[in-house]
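Take a look at the structure set out below.
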Amino acid sequence: MTDSADRDEDTPVTPSDAMDHNEIYGEDGSIRQDYLTAIGAAIADRDVLFLREHVVRLHESELGDLLESITAPQRHALVSLLGDDFDFAALTEVDEVIRLDIIEALPNARIAEALGDLDSDDAVYILEDLDEEDQKEILAALPFTERVRLRRSLDYPEDTAGRRMQTEFVAVPPFWTVGQTIDYMRDEEDLPDSFSQIFVIDPTFKLVGAVALDKILRTKRLVRIEEVMDETRYRIDAEMDQEEAAQLFEQYDLLSAAVVDENERLVGVLTIDDVVDVINEEAEEDIKRLGGVGDEELSDSILSTVRSRFSWLLINLATAILASAVISLFDATIEQMVALAVLMPIVASMGGNAGTQTMTVTVRALATRDLDIYNAGRIIRREASVGLINGVLFAVIIGVVAGYWFSSNGLGGIIAAAMIVNMLAAALAGILLPLLLDKVGADPAIASAVFVTTVTDVVGFFAFLGLAGWWLSLA
1 MTDSADRDED
11 TPVTPSDAMD
21 HNEIYGEDGS
31 IRQDYLTAIG
41 AAIADRDVLF
51 LREHVVRLHE
61 SELGDLLESI
71 TAPQRHALVS
81 LLGDDFDFAA
91 LTEVDEVIRL
101 DIIEALPNAR
111 IAEALGDLDS
121 DDAVYILEDL
131 DEEDQKEILA
141 ALPFTERVRL
151 RRSLDYPEDT
161 AGRRMQTEFV
171 AVPPFWTVGQ
181 TIDYMRDEED
191 LPDSFSQIFV
201 IDPTFKLVGA
211 VALDKILRTK
221 RLVRIEEVMD
231 ETRYRIDAEM
241 DQEEAAQLFE
251 QYDLLSAAVV
261 DENERLVGVL
271 TIDDVVDVIN
281 EEAEEDIKRL
291 GGVGDEELSD
301 SILSTVRSRF
311 SWLLINLATA
321 ILASAVISLF
331 DATIEQMVAL
341 AVLMPIVASM
351 GGNAGTQTMT
361 VTVRALATRD
371 LDIYNAGRII
381 RREASVGLIN
391 GVLFAVIIGV
401 VAGYWFSSNG
411 LGGIIAAAMI
421 VNMLAAALAG
431 ILLPLLLDKV
441 GADPAIASAV
451 FVTTVTDVVG
461 FFAFLGLAGW
471 WLSLA
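210 is the number that UniProt numbering gives to position 210 of the sequence shown; each next residue is one higher, with no gaps.
Dropping the structure here:
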């Protein structure tokens with residue numbers, strides 16, 4: 001780190017001044033403690049020069065990590081001390097709770113001024129967390145054109161391409177020449193910071209085609225745009241779910257794609273950096289839902305976390321009572337042979353794990369559209385075969401172990417048979433329940449885990465104890 005005195009307070013920070021990654025992060029990928037200590041001391045001492053030297057130069061993602069690593073009072077002080085030098089784009093990189101904590105401490109006029117300097121997609125990302133009254137006040141303080149752009153994006157439903165799109169793009173008529181287009185880009189001040197293609201529109205702003213920027217640069221100036229443009233095969237409807245849009249990017253290796261409204265008019269562009277964020281968010285969301293924790297964040301309050309987990313824990317309690325009720329049907333059988341109480345958790349546990357494996361693969365396949373009505377039958381047969389084969393393999397293992405452990409070949413045979421039944425049931429439940437939930441419009445990532453576990457517990461206990469009761473009645 002360089003000394004803050006080496007840079008005058010009025011010296012602008014340029015991209016070449018960006019800090020080295022190793023100055024900020026340790027080998028484990030977390031922010032270095034000595035860096036955090038230095039920043040904390042500078043905040044406490046109100047050392048603006050030091051903060052400009054070591055914070056303003058951060059990339060927005062690095063600044064986001066810093067904001068998540070310091071305390072709330074330090075965050076507020078840092079934003080205040082940096083003033084106009086604080087990069088509001090970093091707020092798109094932090095948890096919603098932290099973002100709201102920072103924004104709610106600032107006057108709306110300051111927020112409006114900062115949002116005016118951001119790309120429209122980043123501005124919308126910040127605005128959508130605010131209540132409607134604050135949104136209106138902030139939008140009213142923006143220039144008319146900017147206000148209309150942001151309002152249009154906010155009017156689209158959450159988690160759609162229209163919400164994610166960037167409304168800054170380059171569009172030209174088809175009769176322009178390559179030379180005119182280049183001159184326009186050279187002279188126009190209000191261009192996007194980065195773009196890879198130029199869109200071609202008719203007088204009503206309907207999308208006609210697109211031409212890659214590198215193609216423009218390789219073409220002679222007098223050639224008309226319509227002669228070099230390509231038809232835009234991959235246009236995205238503004239109402240399309242963001243996950244579907246991300247799948248199009250993945251399938252066709254897109255870097256950007258035009259976003260159009262219901263009349264095929266160009267309204268924005270979706271870029272790969274936004275799509276990467278969508279993919280990460282959707283994957284994280286699926287993992288959380290499989291665990292029954294919803295949109296919970298580490299920065300959430302204790303009360304909020306308790307509330308979000310309570311409902312699914314309550315449902316889990318109900319299903320556990322159901323499994324216990326099945327066991328109670330065989331209390332006389334268990335009294336006859338205590339070994340049954342020792343072994344029955346094995347059957348339920350193996351079924352639960354097998355069901356979770358199948359369910360996880362199924363939920364992810366549904367999310368990525370790899371599993372649909374056309375291949376569902378084949379996948380069901382495949383998973384049933386896997387469950388049956390694993391059931392037989394582990395039945396042999398546990399049958400031998402139980403028979404030797406309790407010196408009873410009959411007991412070994414009973415648990416082996418129950419293992420086969422439950423592993424097969426687990427495989428079927430793991431794929432059929434998510435498919436059923438998806439068919440009725442429910443999110444399989446949310447509800448599948450509880451119901452699959454219930455099925456494997458009930459079937460496992462019923463099969464093992466039922467077979468044991470039948471065997472004991474023959475003795």
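Glycine is no exception: its CB is placed at the ideal position from the N, C-alpha and C atoms.
In this structure, what does DSSP give as the bridge partners for residue i?
i	result
Tyr-25	Ile-31
Gln-251	BP columns for Gln-251 are empty, so no partner.
Leu-207	Ile-201
Arg-265	Lys-206
Asp-241	Thr-160
Arg-224	Thr-177
Val-259	Ile-236, Gly-268
Ala-171	Phe-199
Asp-230	Ala-210
Gln-166	Val-269
Got a sec? Which residues, its chain only, sit under 6 Å from residue i by beta carbon, not counting five neighbours each side?
i	result
Thr-219	Val-178, Val-228
Asp-3	Low per-residue confidence applies at Asp-3: pLDDT is 44, beneath 50, and the placement is therefore not dependable, though the value from the model is reported in the following sentence. Same-chain partners within the cutoff: there are none.
Trp-176	Ile-225
Ile-279	Ala-246
Ala-395	Ala-416, Met-419, Ile-420
Glu-282	Glu-243
Phe-249	Val-275
His-76	Ala-105
State yes or no: is the C-beta of residue i within less than 9 Å of the C-beta of residue j?
i	j	result
Gly-413	Gly-399	yes
Gln-251	Ala-161	no
Leu-433	Met-359	yes
Ala-417	Val-455	no
Ile-182	Arg-221	yes
Ala-348	Gly-460	yes
Gln-74	Gly-26	no
Arg-427	Gly-377	A small correction: the amino acid at residue 427 is Ala; Arg does not occupy that position in the sequence shown. Contact: no.
Phe-451	Thr-319	yes
Thr-333	Gly-441	no
Ile-379	Thr-362	yes
Leu-106	Gln-135	no
Gly-209	Val-223	no
Gly-403	Leu-393	no
Thr-232	Leu-255	no
Ile-98	Leu-78	no
Phe-330	Leu-314	no
Met-344	Ile-327	yes
Pro-174	Asp-214	no
Leu-139	Arg-151	yes
Glu-146	Gly-116	yes
Asp-286	Arg-381	no
Leu-82	Arg-46	no
Leu-467	Met-337	no
Asp-122	Met-165	no
Asp-28	Ala-72	no
With a threshold of 7 Å on Cβ separation, who are the neighbours of residue i within its own chain once the five nearest residues in sequence on each side are excluded?
i	result
Ala-212	Ser-196, Gln-197
Asp-438	Leu-366, Pro-444
Asp-85	Arg-52, Val-56
Ser-69	Ile-31, Leu-36
Glu-264	Lys-206, Leu-207
Leu-371	Thr-362, Ala-365, Ile-379
Taking 8 Å as the limit between beta carbons, can you name the residues of its chain near residue i, skipping five residues before and five after?
i	result
Pro-157	Arg-163, Glu-239
Ile-103	Leu-91, Ile-111, Ile-126, Asp-129, Leu-130
Leu-118	Phe-88, Ala-89, Ile-126
Glu-9	At Glu-9 the pLDDT is 43, less than 50, meaning the model places this residue with poor confidence and gives no usable figure here.
Thr-356	Gly-430, Ala-449, Val-452, Thr-453
* Stretch-stretch touch, CB-based, cutoff 8 Å, three pairs: the segment 232-239 with the segment 254-270 -> yes
* To do: Check whether the segment 265-272 touches the segment 160-170, counting contact only when three or more Cβ pairs, one atom from each stretch, lie closer than 8 Å.
  => yes
* To do: Give a yes or no on contact between the segment 57-71 and the segment 86-93, applying the rule of three or more CB pairs nearer than 8 Å.
  => yes
* Asked: Using 8 Å as the Cβ pair cut-off and three pairs as the minimum, do the segment 320-337 and the segment 435-450 touch?
  -> no
* Asked: Would the segment 124-139 and the segment 107-116 be scored as touching if the rule is three or more Cβ pairs under 8 Å?
  -> yes
* For the segment 395-455, list the alpha helix (DSSP H) runs that are entirely contained and at least 4 residues long, ordered along the chain. => 409-439
* Unbroken alpha helix (DSSP H) runs of length 4 or more, entirely within the segment 307-340: which are they? -> 331-336
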